[in-house]
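A.B. asks:
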Amino acid sequence: MTTLRSAPTFIDYFPEPAQSGTACGLEHGRKPPSGKAGYVATPADLYGAMLAQVQLNQLFEDGKTFVDAVPRRSTDDILRAFEALPHDSQCLRDFVIAHFDLPDPAGVHPAHGEPDLRHYIRSIWPELHRDGAHPPENGSLLPVNGPYVVPGGRFVELYYWDSYFSILGLLRDGFEHVAQGIVTALADLLKRYGRIPNGTRSYYLSRSQPPLYFAMLDLVPDARPAVMRQRLDALLIEHGFWMDGAAALGPGECAKRVVRMPDGALLNRYWDDRDTPRDESYLEDVATANATMRPPEDVFRALRAGAESGWDFSSRWFTPGGALDSIRTHHIVAVDLNAFLYGMESAIVRLADELCEDRIARQFDGARKRRRAAIHRWLWCEAGYFSDFDLESGQLCGQLTAATHAPLFTGVATQAQAAAVARLTSDHLIAPGGLRTTLIETGEQWDAPNGWAPLQWIAFMGLRRYGHRRLADIIAARWVETVDSVFQRTGWIHEKYDVERGIGGGGGEYAPQLGFGWTNGVTAAFMDLLRIQSSGREGRSPVTVHGVSDRFAAMPEGPIE
6 MTTLRSAPTF
16 IDYFPEPAQS
26 GTACGLEHGR
36 KPPSGKAGYV
46 ATPADLYGAM
56 LAQVQLNQLF
66 EDGKTFVDAV
76 PRRSTDDILR
86 AFEALPHDSQ
96 CLRDFVIAHF
106 DLPDPAGVHP
116 AHGEPDLRHY
126 IRSIWPELHR
136 DGAHPPENGS
146 LLPVNGPYVV
156 PGGRFVELYY
166 WDSYFSILGL
176 LRDGFEHVAQ
186 GIVTALADLL
196 KRYGRIPNGT
206 RSYYLSRSQP
216 PLYFAMLDLV
226 PDARPAVMRQ
236 RLDALLIEHG
246 FWMDGAAALG
256 PGECAKRVVR
266 MPDGALLNRY
276 WDDRDTPRDE
286 SYLEDVATAN
296 ATMRPPEDVF
306 RALRAGAESG
316 WDFSSRWFTP
326 GGALDSIRTH
336 HIVAVDLNAF
346 LYGMESAIVR
356 LADELCEDRI
366 ARQFDGARKR
376 RRAAIHRWLW
386 CEAGYFSDFD
396 LESGQLCGQL
406 TAATHAPLFT
416 GVATQAQAAA
426 VARLTSDHLI
436 APGGLRTTLI
446 ETGEQWDAPN
456 GWAPLQWIAF
466 MGLRRYGHRR
476 LADIIAARWV
486 ETVDSVFQRT
496 GWIHEKYDVE
506 RGIGGGGGEY
516 APQLGFGWTN
526 GVTAAFMDLL
536 RIQSSGREGR
546 SPVTVHGVSD
556 RFAAMPEGPI
566 E
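Going left to right, the sequence shown walks through residues 6 to 566 as the numbering used here numbers them.
#1: Please identify the residue among 460, 264 and 45 whose C-alpha is closest to the C-alpha of residue 395.
#2: Less than 8 angstroms between the CB atoms is what I'm expecting for residue 172 and residue 526, so what's the real figure, rounded?
#3: With distances taken between CB atoms, is the gap from residue 192 to residue 228 smaller than 8 angstroms?
#4: For a test of the three-state rule: what should DSSP assign to residue 517, helix, strand or coil?
#5: Please name the residue in 496, 524, 490 and 379 whose C-alpha comes closest to that of residue 508.
#6: Taking the beta carbon of residue 298 as the centre, do at least 16 other beta carbons fall within 10 Å, making it buried, or is it exposed?
#7: Would you say residue 541 lies against chain D (beta-carbon separation less than 8 angstroms)?
#8: How would you write the range of the alpha helix (DSSP H) that residue 287 sits in, first residue to last?
#9: Taking DSSP as the reference, what is the three-state secondary structure of residue 502?
#10: Quick check on the burial criterion: 16 or more other C-beta atoms within 10 angstroms. Buried or exposed for residue 226?
#11: Would you please state the rounded distance, in angstroms, between the beta carbons of residue 190 and residue 217? I believe it to be under 8 angstroms.
#12: Find the nearest neighbour of residue 437 within the set 156, 355, 488 and 60, judged by alpha-carbon distance.
#13: CA-CA distance, residue 337 and residue 275?
#14: Going by beta carbon distance, what residues of the same chain come within less than 6 angstroms of residue 174, once the five residues before and after it are set aside?
#15: Helix, strand or coil: how does DSSP classify residue 242 here?
#16: Since residue 98 is in the alpha helix (DSSP H), which residue starts that stretch and which ends it?
#17: For residue 425 and residue 476, what's the separation of their Cα atoms in angstroms?
#18: For residue 305, I'd like the list of residues in its chain whose CB is within less than 8 angstroms of its CB, leaving aside the five on either flank, ordered along the chain.
#19: Looking at the secondary structure, which residues open and close the alpha helix (DSSP H) in which residue 525 lies?
#20: Tell me which same chain residues have a C-beta within less than 6 angstroms of the C-beta of residue 417, skipping the five on either side of it?
#21: Which residues mark the beginning and the end of the alpha helix (DSSP H) in which residue 381 is found?
#22: Here's the rule I'm using: 16 or more other beta-carbon atoms within 10 Å means buried, otherwise exposed. How should residue 452 be labelled?
#23: What's the C-alpha gap between residue 125 and residue 374?
#24: Could you compute how far the alpha carbon of residue 169 sits from the alpha carbon of residue 220?
#25: Among 234, 316, 270 and 223, whose alpha-carbon lies nearest the alpha-carbon of residue 214?
#26: Give the DSSP bridge partners of residue 453, in chain order.
#27: Please tell me whether residue 261 and residue 250 are closer than 8 angstroms, where the distance is taken between their beta carbons.
#28: Looking at the structure shown, is residue 5 part of a helix, part of a strand, or coil, going by DSSP?
#29: Would you give the residue range spanned by the beta strand (DSSP E) that residue 117 belongs to?
#30: Any idea if residue 58 is buried or exposed, counting beta-carbon neighbours within 10 angstroms, 16 or more meaning buried?
#31: Considering Cα atoms alone, identify which of 500, 448, 473 and 493 is closest to residue 460.
#32: Would you report the Cα separation of residue 243 and residue 359, rounded to the nearest angstrom?
#33: Can you check whether the CB of residue 366 is closer than 8 angstroms to the CB of residue 352?
#34: Since residue 442 and residue 455 should fall inside the 8 angstroms C-beta cutoff, what is the C-beta to C-beta distance between them, to a whole number of angstroms?
#35: Whose C-alpha, out of 533, 71, 88 and 89, is nearest the C-alpha of residue 98?
#36: Give a yes or no on whether the C-beta atoms belonging to residue 198 and residue 145 are separated by under 8 angstroms.
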């Protein structure tokens, strides 16, 4: 008999709500009350100490397994039966298997000798396709009205920022209806929950992800006034989510995702409405908190905010030279987040102009101009790149990362700033296999030596926007070479790659996944734009992109004034 590991005092992780709008670094907002609009109980809310026991004893290799399982009986019945269970891990595992249907991964077929990477990408979209309007009852999966694609592997639900990069490939491969379905589904999530959650699970509802819904609208245009009105309304809801609490802030204060800088300018940070261990990574989060003397709720908030950033996890969020237990995401003004919010505000202006909503257009034109000025003042490093800002030290973080390209992607940068970023990219961020994420190797997945498809695309589009086409094309060509060479050797497409050695990426808190939505989308777009054929086909053509007319690469030139 294996005795169960004791859980932490569970109520300690779910304290009472606190007031927002306190000094930066001192706020301790809590779990949303059950009566709050858009609130859906998570597995941790429902199963409490039972979930803690399952996760702390690692009954399943992946902590996501239990929270994605579907109960076969009511929660009350399961909890009553759990109270009578012997204190033994094997009994608990048998109990879970008897009372829950465990999830299956989102598998795709291996290449089986198929030599053409581009053809293979087209063939696996149907295997990642879902229609989730009626999810199983009492599980953590949220309803999604319409078709969408999942990333693959353990990720068997709709994810927010992944969707933008998947759409790049869906549109090219004849799945326009799925791309349109995703855009419509995200607007529906905004209307239903007041945010686009990290993913369509109840345990993701306390956070979002990098806000790229505005960019999806450019990929799936629709000039019908009624649709434009719906999209504008959705963007206004999302902007309100990110700016919630701003009105009451004084200089140097923070509330949720908003920061008022010392000069009164408003910028944003990543956050999470809860400060408890993540349901899906409970064991990992408790272990991280136990490795430090910091208040556990501060560690949990930082980990959750790191998940909202999409960069989970990275030295971007650590103290200099520190490890994961030093994570402090919610004490950092993130340059990519603010660049994306600038893009959102610009999109609102464009839609409002089209709909003759002059008041809204004027309001958000002022907001985007103020944000642009604040990014230039607070997030530009004189060494020649955009950087995150440390709220506790009152200084730039100073680390050069691939996030420096986000202001180019949305047109925040000046021509001179873009040229400086291009120089440092060429000197430091380009690796043999694509764009480096950071220059620091920590063992975390959003650090060296890993490269990620979304960062390749953001850099590519940003550099092209400012006229640095050759550099952008080199990044894209090297990335395709990496994906293709690994595909030829293994028959799989990975979620991330080691861009130094040209192999599948590693690191982080879960096993590397295969599939994979955003890699498929970005790689397909690069191959089509640059006219690159898979190395498995004879007569592979050289890179020829200049003069190619393509709406996927049609960005305005330079900054948006």
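For glycine and all other residues, C-beta sits at the position ideal for the given N, C-alpha and C.
C.D. replies: The answer reads as follows:
#1: Counting from 1 along the sequence shown, the entry for residue 395 is found at position 390. Among 460, 264 and 45, the Cα nearest to that of residue 395 belongs to 264.
#2: On the sequence shown, residue 172 is found 167 positions in, with the first residue counted as 1. On the sequence shown, residue 526 is found 521 positions in, with the first residue counted as 1. Going by Cβ atoms, the distance from residue 172 to residue 526 rounds to 7 angstroms, so yes, they are a contact pair.
#3: The residue given as residue 192 occupies position 187 in the sequence shown. The residue given as residue 228 occupies position 223 in the sequence shown. No, the pair does not count as a contact, with Cβ atoms beyond the cut-off.
#4: By one-based count along the sequence shown, residue 517 stands at place 512. Coil.
#5: Here residue 508 is taken as the residue at index 503 of the sequence shown, counted from 1. With distances taken between Cα atoms, residue 508 lies closest to 490.
#6: Within the sequence shown, the letter at position 293 stands for residue 298. Exposed.
#7: Absent from the structure is chain D; it holds one protein chain and no more.
#8: As a working mapping, residue 287 is identified with position 282 in the sequence shown. That run of the alpha helix (DSSP H) goes 287–295.
#9: Here residue 502 is taken as the residue at index 497 of the sequence shown, counted from 1. If DSSP states are grouped into helix, strand and coil, residue 502 belongs with the strands.
#10: Start at 1 with the first residue of the sequence shown, and residue 226 comes out as number 221. By the neighbour-count rule (16 or more Cβ atoms within 10 Å), residue 226 is not buried but exposed.
#11: Looking up residue 190 in the sequence shown gives position 185. Looking up residue 217 in the sequence shown gives position 212. Wrong, their Cβ atoms sit about 14 angstroms apart, outside the cutoff.
#12: Here the question's residue 437 lines up with position 432 in the sequence shown. Considering only alpha carbons, the answer is 488.
#13: For the purposes of this step, residue 337 is taken as residue 332 along the sequence shown, with counting starting at 1. For the purposes of this step, residue 275 is taken as residue 270 along the sequence shown, with counting starting at 1. The alpha-carbon atoms of residue 337 and residue 275 are separated by roughly 8 angstroms.
#14: On the sequence shown, residue 174 is found 169 positions in, with the first residue counted as 1. Closer than 6 angstroms at the Cβ level, and outside the excluded window around residue 174, lie 525, 526 and 529.
#15: Residue mapping note: residue 242 aligns to position 237 of the sequence shown, counting from 1. Residue 242 falls in the helix class under three-state DSSP.
#16: Sequence index remark: in the sequence shown, residue 98 carries index 93 (1-based). Run containing residue 98: 94–104, per the alpha helix (DSSP H) assignment.
#17: Your numbering for residue 425 matches position 420 in the sequence shown. Your numbering for residue 476 matches position 471 in the sequence shown. Cα to Cα, residue 425 sits roughly 13 angstroms from residue 476.
#18: As a first step, residue 305 is located in the sequence shown; it is residue number 300 there, counting from the start. Excluding positions up to five away in sequence, the list reads 18, 279, 280, 281, 282, 283, 290 and 294.
#19: Looking up residue 525 in the sequence shown gives position 520. Looking at the DSSP string, the run of the alpha helix (DSSP H) that includes residue 525 is 522–534.
#20: Your numbering for residue 417 matches position 412 in the sequence shown. Excluding residues within five positions, the ones whose Cβ falls inside 6 angstroms are 344, 347, 377 and 380.
#21: Locating residue 381 in the sequence shown gives position 376, counting from the first residue. Note, residue 381: alpha helix (DSSP H), 363–383.
#22: Start at 1 with the first residue of the sequence shown, and residue 452 comes out as number 447. Answer is buried; the Cβ neighbour count reaches 16.
#23: Along the sequence shown, read from residue 1 onward, the residue named residue 125 stands at position 120. Along the sequence shown, read from residue 1 onward, the residue named residue 374 stands at position 369. Each residue's Cα considered, the two are about 44 angstroms apart.
#24: Working through the sequence shown from its first residue, we reach residue 169 at position 164. Working through the sequence shown from its first residue, we reach residue 220 at position 215. When rounded, the distance between both Cα atoms is 7 angstroms.
#25: For the purposes of this step, residue 214 is taken as residue 209 along the sequence shown, with counting starting at 1. Closest by alpha carbon: 316.
#26: Numbered from its first residue, the sequence shown carries residue 453 at position 448. Paired residues: 446.
#27: Here residue 261 refers to the residue found at position 256 of the sequence shown. Here residue 250 refers to the residue found at position 245 of the sequence shown. Closer than 8 angstroms, so yes.
#28: An answer regarding residue 5 cannot be provided, because it is not within the stretch 6 to 566 covered by the chain.
#29: Position 112 of the sequence shown, counting from 1, holds the residue named residue 117. Segment: none, residue 117 is in no beta strand (DSSP E) and carries neither H nor E.
#30: Looking up residue 58 in the sequence shown gives position 53. The residue is buried, with at least 16 neighbouring Cβ atoms inside 10 Å.
#31: In the sequence shown, the residue the question calls residue 460 occupies position 455. Here the closest residue by C-alpha is 500.
#32: Within the sequence shown, numbered from 1, the residue matching residue 243 stands at position 238. Within the sequence shown, numbered from 1, the residue matching residue 359 stands at position 354. Cα to Cα, the separation comes out at about 19 angstroms.
#33: Position 347 of the sequence shown holds residue 352. Position 361 of the sequence shown holds residue 366. Cβ atoms of residue 352 and residue 366: not closer than 8 angstroms.
#34: For the purposes of this step, residue 442 is taken as the residue at position 437 of the sequence shown. For the purposes of this step, residue 455 is taken as the residue at position 450 of the sequence shown. Going by Cβ atoms, the distance from residue 442 to residue 455 rounds to 6 angstroms, so yes, they are a contact pair.
#35: Numbered from 1 along the sequence shown, position 93 holds the residue referred to as residue 98. The option with the nearest alpha carbon to residue 98 is 71.
#36: Start at 1 with the first residue of the sequence shown, and residue 198 comes out as number 193. Start at 1 with the first residue of the sequence shown, and residue 145 comes out as number 140. The answer is no: Cβ separation not under 8 angstroms.
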